[in-house]
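Working notes, structure below.
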Amino acid sequence: MAMIAVWLKVEEERVVQALQEASEKLDGIEGEVTLDLSSVRRIDPSAVRAMAEFAGMAEDKSVKVVLRGVNVDVYKVLKLVKLASRFSFVS
Amino acid sequence: MVTRDVMQQRVQIPLSAESLTEERTAYLERLVRQARTAAAVFTQFTQEDVDRLVKPMVLAGLDQAQHLARLAVEETKLGVMEDKVIKNMVATEFAYNYIKDKRTVGIIREFPERNLVEMAEPIGVIFSITPITNPTSTVLFKCIMAIKTRNAVIFSPHPNAWRCCSEAVRIMYETALKHGAPEGVFACLESHTLQDNAYLMHHKDVGLIDATGGPGAVKAAYSSGKPALGVGPGNTPVYLERTADLNTAVTDIILSKTFDNGTICASEQTAVIDDEIYDLVLKKFAALGAHICNEKEVKLLARTVIDPETGFMQAAAVGQKAIDIARLAGLSVNPGTKLLIAPIQGVGREHPLSVEKLFPVLSVYRAKSVDEALKVCVDVNHAGGLGHTAVIFSRNDDVIRQFGELMNAGRILVNSPGSVGAVGGVYNDLPPTFSFGCGTGGGNSTTDNVNIYHYLNIKRVARRTQAHMWFRVPNQIYFNMNAVANVHQFASRSTIIVTNPSLEQFGHVDLVRRYIPEGTHVHVSVIPDAEPEVKVVMQGVEALNFYKADQIIALGGGSVIDAAKIMKLKYESPEADLEELAAPFLDLRKRVIEYPTEKINRVRLIAISTTSGTGSEVTPFAVLTDKERARKVTLADYSLTPDVAIVDPQFVMSMPKGLTADTGVDCLTHALEAAVSSYASAYTDCNAMQAIRMAFKYLPIAYQHPRDEEARCMMHNAACIAAMAFSNASVGVNHALAHAFGARFGVAHGRANALMLPHVIAYNASVPTKFLPSPYQKGYVAHKKYATIADLLGLGGHTIDEKVKNLVAATEQLLDQLGFPRSIADLGISKEEFERAMPDLTKLAFDDPSWRSNPRMPLISELAELFWKAYQGRGLGNMADAVRQQTA
């Protein structure tokens with residue numbers, strides 16, 4: 036079966052919306068989805084919640100979530116809220 | 036400002052939260068998750084971000100100070116509204132003043148001289164219990180601290196102060212949120228159960244418990260297994276010493292004891308007053324609105340405010356006005372009475388009012404002497420106030436110091452009120468706080484005024500430091516032929532020449548005497564030609580004392596000079612304990628034993644060396660023989676270094692061949708060990724390398740042609756130069772092995788060194804099994820240094836390995852030329868005997884301080900292996916032959 040991978044650019048001002056849009060596309064994805072967070076310097080609690088929800092939905096659909104370009108401050112937040120292990124990271 | 040919840044005094048918070056409903060558990064989990072997320076997000080904030088949040092929160096707190104104070108008094112029915120306003124203002128304004136310029140993000144403090152920086156790491160989620168007596172100000176203070184330190188807080192207010200506290204949390208949270216704080220950074224439990232507290236105290240995502248409450252809450256916090264800040268109860272003694280400014284003292288105590296109706300646990304509980312001023316003090320109290328109770332009134336008061344069963348204060352009295360308490364007790368007092376004063380005759384259960392009283396009742400005790408006063412203060416301190424606060428009014432610094440030493444209190448306040456003084460920032464420079472750490476005396480982890488630094492994990496980034504090194508040698512060194520003539524420069528009334536019989540026979544002593552200035556009284560002390568023993572040294576000290584010597588000339592080899600060094604030590608500092616001074620150490624600068632600096636005599640030591648090996652004329656070492664234990668005791672301290680060294684080759688021209696070889700190899704070993712020592716520096720390297728070059732070149736000549744003046748001169752200088760190197764870089768494992776072997780089998784030091792030397796070079800040049808901490812070296816360099824030495828000697832080789840092997844080979848060759856036995860077996864020691872000695876040998880070698888600066892840390896098994904290699908003398912020799920052949 037062919038893998039249908041999706042790549043999405045996430046802007047800092049609309050992390051939550053971007054993740055909502057991405058979650059709507061999860062049904063059509065097989066394999067993995069890559070979220071490009073390279074322009075996100077910081078995340079707020081609503082973004083953290085959105086990422087947790089997105090990770091949950093992706094897991095339900097057996098879709099691997101790859102986060103690209105996550106800066107180290109955001110990475111530390113994801114570690115602290117125990118979300119980091121639910122994503123793959125690429126630079 | 037009260038940091039203790041009297042209403043919870045007898046309530047134990049359960050350690051288990053099993054009785055929580057699912058719904059309640061979900062609620063608490065939600066709170067923690069929200070706080071954890073907020074704390075995580077908060078880690079992204081910079082110092083500037085944080086400071087932008089703090090200021091508006093402080094302003095909001097100030098703005099709402101009266102509103103919150105009013106709420107607190109209405110709800111808790113404790114304290115004075117006006118005073119609570121002040122508390123709220125202190126909690127915000129004073130706290131802000133303390134923290135505003137302090138860094139709490141990233142690098143918070145720098146210590147450039149120590150190459151150290153401290154960095155802040157937030158705690159994360161803090162679970163905070165707040166008290167009834169001091170509800171809103173505690174919340175305001177903790178919110179500001181938490182934001183400044185990027186933490187999230189879940190508050191659990193006292194049930195009877197929930198409304199005012201949740202309002203304070205709301206004001207702080209909304210202000211913080213409005214200015215950009217992470218959502219969920221503060222939360223306040225919607226209702227309060229002990230099970231909630233237990234659940235949160237044990238929650239894995241709660242990083243710290245900050246329990247400002249009663250002993251039950253504090254104990255539960257500490258028992259939870261979580262890091263906790265808990266504050267204990269107080270029982271503050273205040274000592275009014277006779278020199279005190281009484282007007283200040285009385286005013287301050289009234290202010291303190293009536294502030295918020297005495298609810299601050301740092302407020303004075305028992306005033307201990309010197310007899311001479313007692314009546315005057317009570318008169319002043321009365322003049323300012325205090326009621327002095329008579330004996331009957333004291334009993335009535337005690338019955339009313341102290342629970343006779345527990346001995347603790349009655350909750351109903353806490354935070355009430357003096358006049359109301361008097362009414363309750365049935366006392367008739369003036370309407371304006373501020374404070375009830377109860378004279379007591381002692382401290383303890385039989386004196387009920389000697390305990391903590393968080394209301395305007397002050398016990399007073401008349402002390403007949405300073406001694407009695409201090410004892411009573413100790414009693415009060417131990418009657419429930421350990422670790423908390425103690426106060427003294429005095430102008431006598433000695434008494435203040437004594438009071439400070441006796442009181443077990445985190446805050447010992449001088450000439451200032453207990454309650455407002457302990458809070459900090461008003462009467463003194465203590466950090467403002469609403470949590471008084473009470474140390475272990477109060478079952479707390481700190482004695483500090485709890486502040487922002489307790490809300491941080493402080494990380495220390497310690498950069499590698501370049502420890503100071505040294506290069507210390509005698510002030511004056513005279514060398515080359517006839518250098519002895521320089522003795523005439525040194526004026527002396529009484530000189531003792533320490534030497535040995537053979538040198539006296541050779542006429543060396545006469546030669547030296549020739550140059551001693553006229554008019555000097557000279558005595559010659561001849562000691563046996565062997566390593567010095569304590570008995571010999573002490574005889575020399577007797578002579579020094581008898582002749583009141585001001586100069587010692589040590590003329591001889593290492594043994595004579597070492598003996599003279601120890602004589603000097605014992606003459607100048609008779610109390611010096613040689614056994615103690617020989618105690619082992621790892622780092623000269625950090626060792627436990629200190630050499631004496633007080634001297635009852637002063638004597639100059641001129642060392643004239645008559646052998647070319649030990650270099651004792653410039654070293655800070657002296658070796659004594661401990662015959663009883665069959666070992667050598669090494670003393671090491673720069674105070675042992677001779678003042679003047681004379682390196683004159685005319686004294687070695689007649690040295691026998693064997694001694695030339697032995698001492699020459701000792702010199703070479705010193706230089707080789709100093710070169711690779713972990714204490715080596717550029718200063719010692721230049722000496723070590725030069726000495727090695729000189730020894731390789733001139734030792735064989737001096738050995739073969741003893742009258743060769745140049746060779747003798749060069750070897751004599753080489754020995755001194757090598758000694759300057761090892762005096763500052765120390766030696767290594769070769770010496771440890773040689774000392775042990777020499778002492779056990781009575782083999783000369785140089786010979787023992789020679790047996791070990793090639794094996795030790797090979798050993799040090801290989802990759803260590805264990806590295807020795809070596810802050811002075813960048814990486815493991817011993818093999819490279821050996822290679823450099825090989826290059827200096829022109830031994831050839833392309834790789835480091837080859838060069839090291841060539842150095843080993845050259846050393847073997849030199850030892851062969853000098854006619855040394857090439858194995859321990861060659862000395863006639865049987866294998867069985869050597870095997871039997873091995874445990875002692877390895878123990879002695881490992882105990883020897885020499886190896887502490889060896890580049891490679893020797894394991895006991897490796898010491899044994901080296902001994903066996905030296906015993907067999909095989910392997911390396913073959914390898915050396917092979918190398919020689921290859922090179923050829």
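Protein chains in written order, with my numbering: chain A, 36 to 126; chain V, 36 to 923.
No residue lacks a Cβ here, since even glycine has one placed at the ideal position from N, Cα and C.
Quick caveat, the model's predicted, so the values are computed rather than measured.
- Secondary structure of phenylalanine 620 of chain V (DSSP, three-state): coil.
- Counting along the chain, the unbroken alpha helix (DSSP H) around glutamate 897 of chain V starts and ends at 895–907.
- Between valine 595 of chain V and tyrosine 550 of chain V, the gap from beta carbon to beta carbon reaches 7 Å or more.
- Sequence-distant Cβ neighbours of leucine 465 of chain V in its own chain, meaning closer than 6 Å and more than five residues away, are Gly459 and Asn484.
- Leucine 54 of chain A is outside the set of residues whose beta carbon lies under 7 Å from a beta carbon in chain V.
- By the C-beta density criterion, alanine 425 of chain V is buried, having at least 16 other C-beta atoms within 10 angstroms.
- Restricted to the stretch 302–390 of chain V, the beta strand (DSSP E) segments that are unbroken, complete and at least 3 residues in length are 303–309, 325–327 and 374–378, listed in chain order.
- Look at threonine 72 of chain V: its C-beta is under 7 Å from a C-beta on chain A.
- If you check each beta-carbon in the stretch 210–243 of chain V against every beta-carbon of chain A, the ones closer than 7 Å belong to Pro217, Glu218 and Gly219.
- Secondary structure note for valine 413 of chain V: its alpha helix (DSSP H) is the uninterrupted segment 405–417.
- Residue environment for asparagine 889 of chain V: buried (at least 16 other C-beta atoms within 10 angstroms of its C-beta).
- Contact between glycine 215 of chain V and leucine 88 of chain V holds, since their C-beta atoms are separated by about 6 Å, short of 8 Å.
- DSSP places arginine 185 of chain V outside both helix and strand once states are collapsed to three, so it counts as coil.
- With contacts defined by Cβ atoms closer than 7 Å, glycine 269 of chain V and glutamate 391 of chain V form a contacting pair.
- Membership of histidine 543 of chain V in the alpha helix (DSSP H) is indicated by the continuous run 543–549.
- Here leucine 115 of chain A is not near leucine 70 of chain A, since their CB atoms are 7 Å or more apart.
- Counted as a single uninterrupted DSSP element, the alpha helix (DSSP H) harbouring asparagine 769 of chain V occupies residues 768–780.
- The continuous alpha helix (DSSP H) containing valine 50 of chain A extends over residues 50–59.
- Beta-bridge pairing by DSSP links threonine 283 of chain V to no other residue.
- Residues Lys373, Leu374 and Pro395 of the same chain have their beta carbon placed closer than 7 Å to that of threonine 293 of chain V, with the five preceding and five following residues left out of the count.
- Taking methionine 92 of chain A as the centre and dropping the five residues before and after it, the same chain places the C-beta of Ser58 and Leu61 closer than 7 Å to its C-beta, in chain order.
- Beta-bridge analysis with DSSP links isoleucine 164 of chain V to V:Ser191 and V:Ala246.
- Straight across, the Cα-Cα distance linking alanine 671 of chain V with phenylalanine 656 of chain V is about 4 Å.
- In the DSSP assignment, phenylalanine 806 of chain V forms a beta bridge with V:Arg891.
- At a cut-off of 7 Å between beta-carbon atoms, glutamine 79 of chain V makes contact with chain A.
- Between isoleucine 643 of chain V and valine 519 of chain V a beta carbon distance of about 6 Å is seen, short of the 8 Å cut, so the two are scored as contacting.
- Contact annotation: alanine 872 of chain V and arginine 779 of chain V have beta-carbon atoms nearer than 7 Å.
- Under the three-pair Cβ rule at 8 Å, the stretch 181–189 of chain V counts as touching the stretch 157–164 of chain V.
- Chain A places no beta carbon closer than 7 Å to that of valine 411 of chain V, leaving this residue out of the contacts.
- Going by DSSP, proline 157 of chain V is part of the beta strand (DSSP E) stretching over 151–157.
- A straight line joining the alpha-carbon of glutamate 867 of chain V with that of arginine 498 of chain V spans about 52 Å.
- Chain V has no Cβ within less than 7 Å of the Cβ of leucine 72 of chain A.
- Chain A places no beta carbon closer than 7 Å to that of alanine 61 of chain V, leaving this residue out of the contacts.
- The Cβ atoms of valine 220 of chain V and valine 140 of chain V do not sit closer than 7 Å to each other.
- Using a Cβ-Cβ cut-off of 7 Å, valine 125 of chain A is close to nothing in chain V; its nearest Cβ partner there is about 21 Å away.
- Taken through DSSP and simplified to helix, strand or coil, proline 884 of chain V comes out as helix.
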